[in-house]
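So for the sequence shown, the working numbering puts the first residue at 11; every next one is plus one. Every residue gets a Cβ at the ideal spot worked out from N, C-alpha and C, and that includes glycine. Only one structure is covered here, and it is reproduced in the block below.
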Amino acid sequence: MLPHWLSWMKDELNVCIRPNSLILRRFKGLTGKTTCVDQQKIVLKKTMSQAEVESGYLAKVLKEALNVKRWQASTATIVVANHLVRYAVISWNPEIKTADESQAYLNHYFISVYGDAVASWNKCQSPASYGQKSLASAMPQALLQTVHDVFSPMMIRFESVQPYLMHVANQALAVIKKQNLQSACWLVLIADGRLCLCLMIEGEWCWVKNVQQETDVIAQIAMLIQREGLMNNEIEKLIKKGRQLPMLVYWPDLPLNQRIHMPNHRVIRLASSKLFTTDPAENHIARLITP
Numbered sequence: 011m012l013p014h015w016l017s018w019m020k021d022e023l024n025v026c027i028r029p030n031s032l033i034l035r036r037f038k039g040l041t042g043k044t045t046c047v048d049q050q051k052i053v054l055k056k057t058m059s060q061a062e063v064e065s066g067y068l069a070k071v072l073k074e075a076l077n078v079k080r081w082q083a084s085t086a087t088i089v090v091a092n093h094l095v096r097y098a099v100i101s102w103n104p105e106i107k108t109a110d111e112s113q114a115y116l117n118h119y120f121i122s123v124y125g126d127a128v129a130s131w132n133k134c135q136s137p138a139s140y141g142q143k144s145l146a147s148a149m150p151q152a153l154l155q156t157v158h159d160v161f162s163p164m165m166i167r168f169e170s171v172q173p174y175l176m177h178v179a180n181q182a183l184a185v186i187k188k189q190n191l192q193s194a195c196w197l198v199l200i201a202d203g204r205l206c207l208c209l210m211i212e213g214e215w216c217w218v219k220n221v222q223q224e225t226d227v228i229a230q231i232a233m234l235i236q237r238e239g240l241m242n243n244e245i246e247k248l249i250k251k252g253r254q255l256p257m258l259v260y261w262p263d264l265p266l267n268q269r270i271h272m273p274n275h276r277v278i279r280l281a282s283s284k285l286f287t288t289d290p291a292e293n294h295i296a297r298l299i300t301p
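Set out below in structure tokens:
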């Protein structure tokens with residue numbers, strides 16, 4: 011039997027799937043105190059669009075990488091860029107009683123919002139308190155099947171596939187709790203050419219928008235909030251009150267010394283785990299938490 015202290019040791023592989031590249035990072039150390047010991051960026055020759063995943067090519071690249079000893083860790087997690095994910099906020103429905111009914115409703119909702127293109131996508135919903143809305147995500151089934159097929163024969167325990175928003179949301183919720191922020195907060199993710207803007211009230215997901223990033227991101231955020239205020243009563247009430255809502259911003263590519271100014275908002279920069287960069291000085295692991 012292995013010494014008890016060995017059960018606290020972690021050896022994890024994180025694979026970040028982007029439209030144009032893969033980022034592999036290996037972390038070792040005690041649980042909660044792991045350090046990045048190796049990393050590599052693999053540029054993809056075939057770009058993955060939002061509607062189509064080059065399954066055969068992606069499988070080939072992943073297999074070639076995992077056959078190299080430096081990436082053969084004990085466990086592995088996958089994080090998927092927002093470019094390859096659709097999000098939705100699902101209202102509480104007391105008529106839904108079973109898991110099958112919940113899944114059927116998810117399928118219906120995503121198709122009504124995004125069309126038949128997402129009919130075959132894998133959809134999941136994060137837990138929510140009784141009566142509250144929840145965050146749901148959809149990812150191409152071909153992408154998930156490819157990852158599963160690649161890892162199945164490997165001696166690496168595959169733990170989860172996570173949309174990028176899930177990791178950042180957990181970090182944001184921890185900051186909200188630690189700083190005792192007011193009940194309503196905006197959460198902004200700017201990475202990989204995507205702008206993901208969310209509204210949380212009392213820990214409940216109220217609204218999410220995941221769109222292509224424009225040149226003037228600050229103006230784009232203001233426009234999205236203003237536009238949604240015309241259609242969403244909750245957002246309209248917040249705008250009319252003129253409240254200085256905290257805005258938690260996760261922007262890995264923005265220099266730390268560059269100030270972010272948003273009128274009527276208190277901006278709080280979230281610590282960047284730099285999942286989508288290859289900075290050799292970075293030694294902080296982003297914990298991917300299953301919703």
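With contact defined as three or more Cβ pairs closer than 8 Å, the stretch 139 to 146 and the stretch 97 to 112 are in contact. Taking each of Ala-86, Trp-217, Trp-215, Trp-261 in turn and checking the Cα distance to Phe-161, the smallest one comes out for Ala-86. For Ala-69, the secondary structure class from DSSP, reduced to helix, strand or coil, is helix. In the DSSP annotation of this structure, the continuous segment of the beta strand (DSSP E) that includes Glu-22 starts and ends at 19 to 27. Looking at Leu-40, Asn-117, Lys-79, the one whose alpha-carbon comes closest to that of Gln-49 is Lys-79. Distance between Leu-183 and Leu-197, taken at the CA atoms: about 10 Å. A contact between stretches requires three or more CB pairs, one per stretch, nearer than 8 Å, and the stretch 149 to 157 fails this requirement with the stretch 223 to 235.
Residue environment for Arg-36: buried (at least 16 other C-beta atoms within 10 angstroms of its C-beta). Pairing Ile-211 with Ala-194 gives a Cβ-Cβ distance under 7 Å.
A distance below 7 Å between beta-carbons, with the five flanking residues on each side excluded, links Val-123 to the following residues of its chain, in chain order: Ala-98. Between Cys-208 and Asn-92, the C-beta spacing is not below 7 Å.
Taking one beta carbon from each stretch, the stretch 235 to 244 and the stretch 123 to 138 have fewer than 3 pairs nearer than 8 Å; the two do not touch. For Leu-32, DSSP records a beta bridge to Ile-27, Ile-52. Between Pro-173 and Val-90, the C-beta gap is smaller than 7 Å, which places the two residues in contact.
Counting along the chain, the unbroken beta strand (DSSP E) around Met-210 starts and ends at 204 to 211. Inside the stretch 168 to 234, DSSP marks whole alpha helix (DSSP H) runs of 4 or more residues at positions 174 to 189, from first to last along the chain.
Secondary-structure assignment with DSSP links Ile-278 through a beta bridge to Leu-258. In this model, Val-221 and Thr-45 are separated by some 33 Å (Cα to Cα).
Of Lys-20, Leu-54, Trp-18, Ala-127, the smallest CA-CA separation from Cys-26 is found for Leu-54. Cβ-Cβ separation between Leu-248 and Ile-278: approximately 17 Å, too far for a contact (criterion under 8 Å).
Looking at the DSSP output, Ser-147 bridges to Tyr-97, Cys-134. In the displayed model, Val-157 falls within a helix according to three-state DSSP.
Burial state of Leu-266 is exposed, judged by a 10 Å Cβ sphere holding fewer than 16 other Cβ atoms. Residue pairing of Ala-86 in beta bridges, as defined by DSSP: Leu-23, Phe-168.
Looking at the DSSP output, Leu-76 sits in no beta bridge, so it has no partner there.
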